[in-house]
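In numbering that gives the first Met the number 0, the protein residues as written are 0 to 96.
For every residue, glycine included, the Cβ atom is placed at its ideal position computed from N, Cα and C.
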Amino acid sequence: MAAHELQGLTEILAVSYSDLRKLLTCDHPPPNVHDLILKEKKTIEVVKYLITDISAQMACKELHGYKMNEHDVTQWKARNIRKINKQMVLRDPLSGV
């Protein structure tokens, strides 16, 4: 879902940049061009912030997944090492068993 949001925000950002470019290069600007330019800049700033936020959330989820996998592997290794150590103790000729 976050990927769709990210794609949508990227499209909004492209449109905002296009609108800003048109306002800056138009031959006959509207009377409130200054306000429109400020509005587009603010929109671009907000959308960039949202893109950064969503990207960070996605990165955190991915890192959490890696960490959970690492934890699972570590637990699996620990269980198997305990089993191997038990078997070695049972087979150890010096232990007298």
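Test item: CB-CB of residue 53 and residue 12 under 8 Å: The count along the sequence shown starts at 1 and reaches residue 53 at position 54. The count along the sequence shown starts at 1 and reaches residue 12 at position 13. No, they are not a contact pair.
Ordered list of alpha helix (DSSP H) runs contained in the segment 2 to 81, each at least 4 residues: none
Anticipated Cβ contact below 8 Å, residue 22 with residue 39, distance rounded: Taking the sequence shown and counting its residues from 1, one reaches residue 22 at position 23. Taking the sequence shown and counting its residues from 1, one reaches residue 39 at position 40. The pair is a contact, with the Cβ atoms about 6 Å apart (cut-off 8 Å).
Nearest-angstrom beta carbon gap, residue 51 and residue 15 [assumed within contact, 8 Å]: Here residue 15 refers to the residue found at position 16 of the sequence shown. Here residue 51 refers to the residue found at position 52 of the sequence shown. Not a contact, Cβ separation roughly 15 Å.
C-alpha gap between residue 25 and residue 48, whole angstroms: Translated into the one-based positions of the sequence shown, residue 25 becomes position 26. Translated into the one-based positions of the sequence shown, residue 48 becomes position 49. Roughly 28 Å separates the two Cα atoms.
Residue 46 classed as buried or exposed, judged by whether at least 16 other C-beta atoms fall within 10 angstroms: Position 47 of the sequence shown, counting from 1, holds the residue named residue 46. Label assigned to residue 46: buried.
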